[in-house]
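Sequential numbering from 11 applies to the sequence shown in the numbering used here.
C-beta: ideal position from N, C-alpha, C; glycine also.
A quick write-up on the structure given underneath.
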Amino acid sequence: MASANHISKVAIVGAGGNVGRFLTEALLKTGNHDVTALTRADSQSKLPEGVKTKTVDYSKPETLVDALRGQEALVITISGRAPIKDIEEKLVRAAGEAGVTWILPNEWSPDSADDGIVKDVFLFGMKAATRKLIEELGKSSYVAVSCGFWYEYSLAIANNYGFDFANRHLNMYDDGQTKLCTTTWPQVVYINSFNVSQMDMLASAQRVTGTKEGDWKIEKHDSHERFDVSLKFFKEGKFKTEGFTNFLYSR
Numbered sequence: 011m012a013s014a015n016h017i018s019k020v021a022i023v024g025a026g027g028n029v030g031r032f033l034t035e036a037l038l039k040t041g042n043h044d045v046t047a048l049t050r051a052d053s054q055s056k057l058p059e060g061v062k063t064k065t066v067d068y069s070k071p072e073t074l075v076d077a078l079r080g081q082e083a084l085v086i087t088i089s090g091r092a093p094i095k096d097i098e099e100k101l102v103r104a105a106g107e108a109g110v111t112w113i114l115p116n117e118w119s120p121d122s123a124d125d126g127i128v129k130d131v132f133l134f135g136m137k138a139a140t141r142k143l144i145e146e147l148g149k150s151s152y153v154a155v156s157c158g159f160w161y162e163y164s165l166a167i168a169n170n171y172g173f174d175f176a177n178r179h180l181n182m183y184d185d186g187q188t189k190l191c192t193t194t195w196p197q198v199v200y201i202n203s204f205n206v207s208q209m210d211m212l213a214s215a216q217r218v219t220g221t222k223e224g225d226w227k228i229e230k231h232d233s234h235e236r237f238d239v240s241l242k243f244f245k246e247g248k249f250k251t252e253g254f255t256n257f258l259y260s261r
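The structure is reproduced here in structure tokens:
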């Protein structure tokens with residue numbers, strides 16, 4: 011009997027999250043994948059219908075190994091505010107011990123293989139470190155997905171792409187014409203859905219809200235200055251939502 015030409019057994023971390031939910035639903039929809047969500051005992055996340063579950067305890071690595079045995083691929087989607095480095099290292103080591111062939115690490119971001127980005131946005135250095143760990147262990151291979159920022163998530167939060175819809179206010183980087191790579195959640199198969207500038211987003215927002223440019227308060231900011239100020243706050247331990255997002259999105 012011929013072997014299958016695709017991976018069928020997939021374990022996913024974060025199956026109920028913003029990113030993981032869409033990945034899980036897409037895998038289940040094919041009918042070719044047996045998807046298992048790794049969850050903590052105290053997790054309150056609502057998982058997509060049809061996904062299997064295995065409870066793990068990150069303080070007990072053996073539970074991770076047991077949950078991953080027999081899986082062909084491990085997909086990792088972890089919230090940016092979780093202890094990513096510790097969790098992901100444990101998952102990678104457990105996957106290697108369990109014999110998981112492929113790992114999709116917690117990338118889902120701008121290109122962390124770009125040395126300039128990693129140097130400036132040092133948080134992305136964790137992503138490079140995870141890839142290096144997988145290589146050093148030599149037990150699994152990885153697929154790193156660099157998709158830019160998530161469009162729906164970033165557009166909905168004022169400090170990300172700069173749009174405050176409730177107050178019709180836009181913090182614009184430079185002239186707003188710089189194109190950036192961004193991806194929509196339901197279209198993850200495309201990896202990079204499209205390139206768009208803040209001015210493109212403003213034009214779209216005006217069509218949807220029935221407004222004109224004059225209805226919006228637009229503040230222009232030098233992207234380099236905004237990044238430097240955010241970086242200074244970050245290094246001083248002034249970790250606020252606004253400072254954190256400005257640090258990421260102004261780069």
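- DSSP places L101 outside any beta strand (DSSP E); the residue lies instead in the alpha helix (DSSP H), whose first and last residues are 94-108.
- Straight-line measurement puts the Cα of I94 at about 10 Å from the Cα of T140.
- With fewer than 16 other Cβ atoms from the protein chains shown falling within 10 Å of its own Cβ, F132 counts as exposed.
- By the neighbour-count definition (other C-beta atoms within 10 Å, threshold 16), N177 is an exposed residue.
- Taking a C-beta distance under 8 Å as the contact criterion, T111 and Y161 do not qualify as a contact pair.
- The residues S119, S122, I127, V128, in chain order, have a CB closer than 7 Å to that of F134 in the same chain once the five nearest residues on each side in sequence are set aside.
- Taking the Cβ atoms as the reference, I86 lies roughly 11 Å from E99, outside the contact range of under 8 Å.
- Here DSSP, grouped into helix, strand and coil, assigns R50 to strand.
- Less than 8 Å separates the beta-carbon of A104 from that of P71.
- Taking E59 as reference, the option from N170, M209, G41 with the minimal CA-CA separation is G41.
- C-alpha of K56 to C-alpha of G172: approximately 30 Å in a straight line.
- Distance between N181 and K39, taken at the CA atoms: about 39 Å.
- Between the alpha carbons of S150 and N170 lies a gap of roughly 35 Å.
- Looking from the CA of E107, the closest CA among I17, G148, G224, H234 belongs to G148.
- For I144, the uninterrupted alpha helix (DSSP H) segment begins and ends at 135-147.
- Sequence-distant partners of E117 (beyond 5 residues in either direction) whose C-beta falls short of 7 Å from its own C-beta, in its chain, are K137, A154, V155, S156.
- C-alpha of D44 to C-alpha of S164: approximately 31 Å in a straight line.
- Listed as beta-bridge partners of F159 by DSSP are T192.
- Taking all protein chains shown into account, A21 has 16 or more neighbouring C-beta atoms within 10 Å of its C-beta and is therefore buried.
- In the structure shown, the three-state DSSP call for D185 is coil.
- Listed in chain order, the non-local C-beta contacts of V66 below 6 Å within the same chain comprise L48, T73, L74, A77, local neighbours out to five positions each way being set aside.
- In terms of Cα proximity to L114, the closest of D185, V23, R217, S18 is V23.
- Taking every protein chain shown into account, the CB of T219 has fewer than 16 other CB atoms within 10 angstroms, so this residue is exposed.
- The beta carbon of A168 is closer than 6 Å to those of D174 in its chain, skipping five residues each way along the sequence.
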